[in-house]
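Step one of this worksheet: look at the structure below.
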Amino acid sequence: MQTITIGRNSDNNVPLNYPQISKYHAKITHLGQLSFKLEDLESSNGTFVNNQQVTRTTISPTDQIKFANISFDLHKYLHLFGLTGTQQQTPPQASQQAPPPSLDFTVDFEKLRNVYADYRAAQANIRKKEKMQNAALGLIGGLAALLGAVNLYFELMDKKILGMIVVPLMLLSVAGRFFIGSEKKLADLYDQFRAKYVCPKCKNHLGEYTYEALAARKVCGCKAIWVK
Ligand SMILES: [Zn+2]
1208 MQTITIGRNS DNNVPLNYPQ ISKYHAKITH LGQLSFKLED LESSNGTFVN NQQVTRTTIS
1268 PTDQIKFANI SFDLHKYLHL FGLTGTQQQT PPQASQQAPP PSLDFTVDFE KLRNVYADYR
1328 AAQANIRKKE KMQNAALGLI GGLAALLGAV NLYFELMDKK ILGMIVVPLM LLSVAGRFFI
1388 GSEKKLADLY DQFRAKYVCP KCKNHLGEYT YEALAARKVC GCKAIWVK
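If you're matching positions, the sequence shown starts at 1208 in the working numbering and goes up one per residue.
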């Protein structure tokens, strides 16, 4: 029911059989949740909310309502609106099925999403840099070889001078690859990842499985709950 009437006549939803109550004294309309509109129906002795006379106002069940001098406890009539006072106050039922707090690692597990994404991004970055540096070194080596070949053919330079130019370039091209150190960087990165990408409970490393693949598993062998 959306609206109830209160009054002395027996056909009201809430009949109040007192001489000071008008035949149709007031009506209350449910607005949603625990909010209601209270309207006085031009009663002889008035309607009061928290000791203030009102003709029309919004109320909640905690307000003190009086029709004339008769107190009215809205809590007792919530069932008329299809509401029950107790239902509103009980916490969600789901809490009884929730895992014991000791096994619920969903919050910590969620953080691994970024750990994995950051690792993959840093890895891709190192590889990209390595590729560019290798390309540059390859170019230097290529130039040195070309210079040598052209000179052999045209004998433009003294062989000694040529050697002083070409040999260091060739060396740089080959040796440079050892100084880029991508392998070391990748190994360090993996060590950091390995330390952080672990089950929040048993601390076992989770391998290189994607976060999504792990999330789909929902639980760890150690019984920790990753995803509910
Ligand atoms: Zn675990």
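A virtual CB, placed ideally from N, CA and C, is assigned to each residue, including glycine.
At a threshold of 7 Å, does residue i count as lining ligand 1 (C-beta to nearest heavy atom)?
i	result
Gly-1414	no
Lys-1425	no
Ala-1420	no
Ala-1431	yes
Lys-1408	yes
Gly-1349	no
Gly-1428	yes
Asn-1332	no
Asn-1411	yes
Mark residue i as exposed unless 16 or more other C-beta atoms lie within 10 angstroms of its C-beta, in which case mark it buried.
i	result
Leu-1413	buried
Ala-1402	exposed
Ser-1309	exposed
Leu-1285	buried
Ala-1328	exposed
Gln-1300	For Gln-1300, the predicted structure reports a pLDDT of 49, less than 50, and the residue's modelled location is therefore unreliable. The matter cannot be settled from this model.
Gly-1239	exposed
Gly-1214	buried
Val-1373	buried
Phe-1386	exposed
Tyr-1225	exposed
Leu-1245	buried
For residue i, write down the residues that DSSP places opposite it in a beta bridge.
i	result
Val-1261	Thr-1254
Val-1426	Ile-1432
Lys-1391	Lys-1391 is not bridged to any residue.
Ala-1233	Ile-1213, Asp-1247
Tell me, to the nearest whole angstrom, how far the beta carbon of residue i is from that of residue j; I am working on the premise that it is less than 8 Å.
i	j	result
Ile-1266	Phe-1243	5 Å
Tyr-1404	Tyr-1323	6 Å
List in chain order: all unbroken beta strand (DSSP E) runs of 3+ residues lying wholly within the segment 1352-1380.
none
In the segment 1309-1343, which residue ranges form an unbroken alpha helix (DSSP H) of at least 4 residues, counting only runs that do not cross its ends?
1313-1317
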